[in-house]
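In the working numbering, the protein residues as written are 98 to 205.
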Amino acid sequence: MRIVIDKGIPFLEEIFPPEIEVLYLSPEDITSEAVRHADALFIRTRTQVNRELLLGSKVRFVATATIGFDHIDQDYCREAGIHWVSCPGCNAQAVCDYVEEAISSIKP
């Protein structure tokens, strides 16, 4: 089994057993050629999951580490038998950290 993962998604290193091949790629490197032999994708919003990316691939599962899913062509995934999930809340702590920093940087 092969999984392609957006390397910007934290905490996934070393959670998969050694028999699973894991490729950590930059979003711009997640191409149709890179996913051709993948069984699953773990992506973020920068990766457009559509016919152009997936046609001819082995991908049957897509997980997006986002609350939104407008970057996933749901119709194509349904037609191709590809199951997908979004992960709302997985970025909640990062959003809180960003808001706190933004507020603390405001000069009175």
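All residues carry an ideal CB built from backbone N, CA and C; glycine is no exception.
None of these values were measured; they are calculated from a predicted model.
Next on the checklist: Determine whether the beta carbon atoms of Arg148 and Pro124 lie at a separation below 9 Å.
Outcome noted: In this structure, Pro124 does not lie closer than 9 Å to Arg148 by Cβ.
Review point. Would you call the segment 164-175 and the segment 128-145 in contact, with 3 or more CB pairs under 8 Å?
Key: Three or more Cβ pairs drawn from the segment 164-175 and the segment 128-145 lie within less than 8 Å of each other, which places the two stretches in contact.
Between the alpha carbons of Phe113 and Ser201, how many angstroms are there, rounded? Those two C-alpha atoms are separated by around 38 Å.
How long is the line joining the alpha carbons of Tyr121 and Lys104, rounded to whole angstroms?
-> If you take the alpha carbons of Tyr121 and Lys104, they lie about 5 Å apart.
Under DSSP, the beta strand (DSSP E) around Ala177 begins and ends at which residues? Boundaries for Ala177: no beta strand (DSSP E) harbours it, while the alpha helix (DSSP H) harbouring it runs 171-177, taken from the DSSP string.
Q. Do Arg175 and Lys155 have their C-beta atoms closer together than 9 Å?
A. Between Arg175 and Lys155, the C-beta gap is not smaller than 9 Å, which leaves the two residues out of contact.
- Task: Kindly identify the DSSP beta-bridge partner or partners of Tyr121.
- Result: Listed as beta-bridge partners of Tyr121 by DSSP are Ile102.
_Relative to the C-alpha of Leu152, which candidate in Ala177, Glu198, Ala137 has its C-alpha closest?_
Nearest of Ala177, Glu198, Ala137 to Leu152, Cα basis: Ala177.
Which residue's Cα is closest to the Cα of Tyr173: Tyr195, Gln145, Ile117? Considering only alpha carbons, the answer is Gln145.
Based on DSSP bridge pairs, tell me the residues matched to Ile140. Per DSSP, Thr161.
Could you please give the first and the last residue of the uninterrupted beta strand (DSSP E) stretch that includes Ser183?
Here the beta strand (DSSP E) through Ser183 covers 180-183.
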